[in-house]
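Numbering (the UniProt record's numbering), first residue to last: 1 to 253.
Every residue gets a Cβ at the ideal spot worked out from N, C-alpha and C, and that includes glycine.
The block underneath contains the structure these notes are about, expressed in structure tokens.
Right under this line is the structure:
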């Protein structure tokens, strides 16, 4: 699946390369970037609520819900931060959604398949607080570290997603400090919270750990909290019923 997602990014990267040659890359965002990791640390099992219009496993989820409406609903329900899916082909996202959701005053994570420095520069043109980098999409820790450091130069924090211990080793070699454990098997697209359980013993005190995928009930939320995670990222479970605020209220009750 990751190769499939990467292939979908070729046209985007080519567009950015063309803009670079024309000296027309977007300028960095000049406003304040809200702290991301600090916001997660300040809350007991912080919730990163995701704006997710579609997915490869579910198809359309809630394409009728606008980013503005969902951002407002999540803020009212007590989300700590927002995850904004910007990948267009499989998730029906757009980069502009980040700008459209900033009005609620929550830190925002750009969730996409970022593998090239120019994608980081484009992310930095938005008010995003953080970018998602998937460890196994990189050939080496050096490549991953380059994008983390480039993000840092713009005030962008990096959430590095892992699936297993080898991914974690790569993330740490790249000096990642925000670790996101994905409970989704990318071969079957099924989720299993046992992945979170298996990885959490490796957590270091100075790191921020996020559990992602497969959390849809208050029982599962408490399970992840008891395991020792700092935050959870939830998308489909909040969007699929068409009432994100009610769904988040129910999850956090």
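{"Item": "Three or more C-beta pairs below 8 Å linking the stretch 19–35 and the stretch 86–94", "Value": "no"}
{"Item": "C-alpha distance - residue 218 paired with residue 249, whole-angstrom precision", "Value": "10 Å"}
{"Item": "Integer Cβ distance of residue 224 from residue 45, believed to fall under 8 Å", "Value": "7 Å"}
{"Item": "Alpha carbon of residue 19 to alpha carbon of residue 125, nearest angstrom", "Value": "14 Å"}
{"Item": "Local conformation of residue 188 per DSSP, three classes", "Value": "coil"}
{"Item": "Whether residue 110 touches residue 123 by CB criterion (7 Å)", "Value": "yes"}
{"Item": "Three-pair Cβ contact test at 8 Å for the stretch 45–64 versus the stretch 221–237", "Value": "yes"}
{"Item": "Cutoff 8 Å; reference residue 252; Cβ partners in own chain excluding five residues on either side", "Value": "47, 77, 78, 218 and 221"}
{"Item": "Host alpha helix (DSSP H) of residue 94 (start-end)", "Value": "Counting along the chain, residue 94 falls outside any alpha helix (DSSP H), and DSSP gives it neither H nor E."}
{"Item": "Where residue 232 falls: helix, strand or coil (DSSP)", "Value": "strand"}
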